[in-house]
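Take the sequence shown: its letter number 450 is residue 772 in this note's numbering, and every next letter is one higher.
We put the beta carbon where it would ideally sit given N, CA and C, even for glycine.
Since the structure is predicted, the reported quantities are computational estimates derived from the model, not experimental observations.
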Amino acid sequence: MTESFAGTLAPPAANRVSPRTMILILKSFRSLYFATLLMLLGSGLLSTYLALRVAATADGLWVGALMTANYVGLVLGGKVGHRLIGRVGHIRAYVACAGVVTAAVLGHGLTDWLPAWLTLRMVIGLCMMCQYMVIESWLNEQSHAEQRGQVFSGYMGASYLGLILGQLVLVAHPELGLELLMLVGLCFALCLVPVALTHKLHPAKLHPAPLELRFFFKRVPLSLITILVAGLLIGSFYGLAPLYGTRMGLTTEQVGLFMGSCIFAGLLVQWPLGWLSDRRDRVWLISRCGAVLAVFALPLAVLPEAPIWLLFAAGFAVCMLQFCLYPLAVALANDHVTADLRVSLTAMLLLTFGVGASIGPLLAGVLMRFLGANMLYVFVAVCAAVVAWRVQPKRATHLHQVDDAPLHHIPMPDSTSSSPLAAALDPRVDEQIAQEQMQHAGPEQQTSPPTDEPVERPSGN
């Protein structure tokens, strides 16, 4: 049985963000948002810089491997960060990680040995995840329950803005010299200042969210498929789109503009997507998004060479759609679990995305090496077609849909800049339950969720 969300009433006024409220939130959290912006500016610039440097001197497969190493570090950092913060506290953990990232960034300038770069990228990913955890802990500690949606939106906006500015640096400074590495190191050095000088008390210690792999494989399979594919696509985009641009004959400045416009597309679509997500069946939206994405990727997939206007237009459209998949899948998953399971759900979704983002750059990199640069968008089209094929309304049983579904859609980061502590910030997660599960009990003390009646159609959400 399927149900349509068409005709669902608009979110209550309490969920709407007034300009005055948003301005007050931006002022209240400006130091944390500024630290986030600097981190993502440095991270976005570093990813594109390394991709262009490696593409000019080595096999393009190394470009995908570098991004894979970064995402592996992010996944590992989700575990290491909790232990580090618990041992030395939030400020010391953040300062230590910022120092290590700065050193690792500058380390790229000391050697051209690519295996060393792989290690440095993994270390950077691991330490940046710890930094995300500290910032999200502080945002959660200092925000009221009714503000968490707006605070999360501001955090997402700062993340995207940092990524966009990182690409635009290449427009102003197209030479791929050590000056860009120094600028990245400068960003990571300066991002610790707002946090190190804060007069706020340390946030409460948060434990890892519990993972219930088998339970969620049965409960929200359509969401997990979508998020895995979103990880494949977004990991490949950040890792290999600069390489694709150079193979298409773009200059460094044009690659920066191409990447910046694509990331801006991902930011631009979030609020219209939220409006639509609250009013239509989310399974239907994911399926149609996958189908349209496959169509929009076809011109760049079939053309070994393309004019610059087509590169920018198709790239913009493709990114608008591929950046829709993750937030839609998160919203769909939250519609099908009860409030007490949403903390664990967040951890599961982030892990699934991280696995996809770690695999995607390698798979697409191999295809680009042996079959040409346009294989990046062949990969996008195939992944999108899988979503359109597997995630369909007829496969959705809605057996476990919660009573208040659809929950209000929340604009959120694409997990390039989010940690397992995002559960404590997401307003769809009950604040009291999040505090109980992430403060007062470690993962080894978590009990498994109650076993449901057998799922009649295991392929449905």
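- Message: So, with DSSP's three-state summary, where would you put residue 472?
- Response: On the sequence shown, residue 472 is found 150 positions in, with the first residue counted as 1. Helix at residue 472.
- Message: Three Cβ pairs or more, each shorter than 8 Å: is that satisfied between the stretch 544-558 and the stretch 682-691?
- Response: yes
- Where does residue 465 fall in DSSP's three states? Translated into positions along the sequence shown, residue 465 becomes position 143. Coil at residue 465, not helix or strand.
- Between residue 669 and residue 451, what straight-line distance do the alpha-carbon atoms span, to the nearest angstrom? The residue labelled residue 669 in the question sits at position 347 within the sequence shown. The residue labelled residue 451 in the question sits at position 129 within the sequence shown. Spanning the two alpha carbons is a distance of roughly 13 Å.
- With C-beta atoms as the reference, is residue 620 less than 8 Å away from residue 703? The residue given as residue 620 occupies position 298 in the sequence shown. The residue given as residue 703 occupies position 381 in the sequence shown. Yes, the pair counts as a contact, with Cβ atoms nearer than the cut-off.
- Task: Along the alpha helix (DSSP H) that carries residue 553, what are the first and last residues, could you check?
- Result: Numbered from 1 along the sequence shown, position 231 holds the residue referred to as residue 553. Where residue 553 is concerned, the enclosing alpha helix (DSSP H) stretches over 543-569.
- Task: Could you check the C-alpha separation between residue 448 and residue 400 for me, to the nearest Å?
- Result: Here the question's residue 448 lines up with position 126 in the sequence shown. Here the question's residue 400 lines up with position 78 in the sequence shown. Taking the Cα positions, residue 448 is about 8 Å away from residue 400.
- Task: Report yes if the C-beta of residue 600 is less than 7 Å from at least one heavy atom of the ligand MN; otherwise report no.
- Result: Among the ligands in the structure shown, none appear at all, so the ligand MN cannot be discussed.
- Below 7 Å CB to CB, which residues in the same chain sit around residue 445 once its five sequence neighbours on both sides are set aside? The residue given as residue 445 occupies position 123 in the sequence shown. Once the five neighbours on either side are set aside, the close Cβ partners of residue 445 are 395, 422, 426.
- Message: Is it buried or exposed, residue 345, if we count other Cβ atoms within 10 angstroms and call 16 or more buried?
- Response: Mapped onto the sequence shown, residue 345 falls at position 23. Answer is exposed; the Cβ neighbour count stays below 16.
- Message: Quick check: residue 588 and residue 509, are their CB atoms within less than 8 Å of each other?
- Response: Counting from one through the sequence shown, the residue named residue 588 turns up at place 266. Counting from one through the sequence shown, the residue named residue 509 turns up at place 187. No, these two residues do not count as a Cβ contact at 8 Å.
- Task: Rounded to whole angstroms, what's the CA-CA distance from residue 783 to residue 542? Just pull it up for me.
- Result: Translated into positions along the sequence shown, residue 783 becomes position 461. Translated into positions along the sequence shown, residue 542 becomes position 220. Going by the C-alpha atoms only, they are around 5 Å apart.
- Using beta-carbon positions only, say whether residue 655 and residue 671 come within less than 8 Å of one another. If you number the sequence shown from 1, residue 655 lands on position 333. If you number the sequence shown from 1, residue 671 lands on position 349. Using a Cβ distance threshold of 8 Å, residue 655 and residue 671 count as a contacting pair.
- Message: Looking only at its chain, what residues have a beta carbon closer than 8 Å to the beta carbon of residue 490, apart from the 5 residues adjacent to it on each side?
- Response: Mapped onto the sequence shown, residue 490 falls at position 168. 578, 579, 582, listed in sequence order.
- Query: In terms of alpha-carbon separation, which member of 667, 558, 714, 590 lies closest to residue 689?
  - Reply: Here residue 689 corresponds to residue number 367 of the sequence shown, with the count starting at 1. Checking every option, the nearest Cα to that of residue 689 belongs to 558.
- Item | Proximity winner among 709, 515, 645, relative to residue 606 (alpha-carbon distances) | Position 284 of the sequence shown, counted from the start, is the residue given in the question as residue 606. Considering only alpha carbons, the answer is 709.
- Item | Straight-line gap, residue 592 to residue 544 (C-alpha atoms, nearest Å) | Numbered from its first residue, the sequence shown carries residue 592 at position 270. Numbered from its first residue, the sequence shown carries residue 544 at position 222. About 21 Å.
- Task: Quick one: measure Cβ to Cβ for residue 471 and residue 686, integer angstroms, because I've assumed they're closer than 8 Å.
- Result: The sequence position of residue 471 within the sequence shown is 149, counting from 1. The sequence position of residue 686 within the sequence shown is 364, counting from 1. Incorrect: roughly 34 Å between the Cβ atoms, too far for contact.
- For the alpha helix (DSSP H) containing residue 646, list its first residue and its last residue. Here residue 646 refers to the residue found at position 324 of the sequence shown. It spans 630-656 - the alpha helix (DSSP H) in which residue 646 sits, taken as one unbroken run.
- For residue 696 and residue 626, believed in contact at Cβ under 8 Å, the rounded distance: As a working mapping, residue 626 is identified with position 304 in the sequence shown. As a working mapping, residue 696 is identified with position 374 in the sequence shown. Their Cβ separation, rounded to whole angstroms, is 5 Å, which keeps residue 626 and residue 696 in contact under 8 Å.
- Message: Short of 6 Å in beta carbon distance, which residues of its chain neighbour residue 403, apart from the five on each side in sequence? Order them along the chain.
- Response: Residue mapping note: residue 403 aligns to position 81 of the sequence shown, counting from 1. When the five nearest sequence neighbours on each side are left out, the beta carbons in the same chain lying within less than 6 Å of the beta carbon of residue 403 are those of 451, 452, 455, in order along the chain.
- Query: Does the beta-carbon of residue 415 have 16 or more other beta-carbons within 10 angstroms, so that it is buried, or is it exposed?
  - Reply: Along the sequence shown, read from residue 1 onward, the residue named residue 415 stands at position 93. So residue 415 ends up on the buried side.
- Task: Taking residue 623 as the reference, give the member of 665, 706, 419, 533 with the closest Cα.
- Result: Position 301 of the sequence shown, counted from the start, is the residue given in the question as residue 623. It is 706.
- Message: Give me the residue from 482, 574, 379, 442 with the minimum Cα distance to residue 390.
- Response: Counting from 1 along the sequence shown, the entry for residue 390 is found at position 68. Nearest option by C-alpha distance: 442.
- Under a three-way DSSP split, which group does residue 435 fall into? As a position in the sequence shown, residue 435 is number 113, starting the count at 1. Residue 435: coil per DSSP, three-state reduction.
- Task: Return helix, strand or coil for residue 576, following the three-state DSSP convention.
- Result: Position 254 of the sequence shown, counted from the start, is the residue given in the question as residue 576. Of the three classes helix, strand and coil, the one that applies to residue 576 here is helix, per DSSP.
- Going by the CB atoms, is the gap between residue 722 and residue 658 shorter than 8 Å? For the purposes of this step, residue 658 is taken as residue 336 along the sequence shown, with counting starting at 1. For the purposes of this step, residue 722 is taken as residue 400 along the sequence shown, with counting starting at 1. Closer than 8 Å, so yes.
- Message: Less than 8 Å between the C-beta atoms of residue 430 and residue 459, yes or no?
- Response: The count along the sequence shown starts at 1 and reaches residue 430 at position 108. The count along the sequence shown starts at 1 and reaches residue 459 at position 137. Against a cut-off of 8 Å, the Cβ pair of residue 459 and residue 430 comes out as no contact.
- Task: Report the rounded CA-to-CA distance for residue 498 versus residue 375, giving the unit in angstroms.
- Result: By 1-based counting over the sequence shown, the position of residue 498 is 176. By 1-based counting over the sequence shown, the position of residue 375 is 53. In a straight line, the C-alpha of residue 498 is about 7 Å away from that of residue 375.
- Message: Just to confirm the assignment, what range does the alpha helix (DSSP H) spanning residue 413 have?
- Response: For the purposes of this step, residue 413 is taken as the residue at position 91 of the sequence shown. That run of the alpha helix (DSSP H) goes 412-429.
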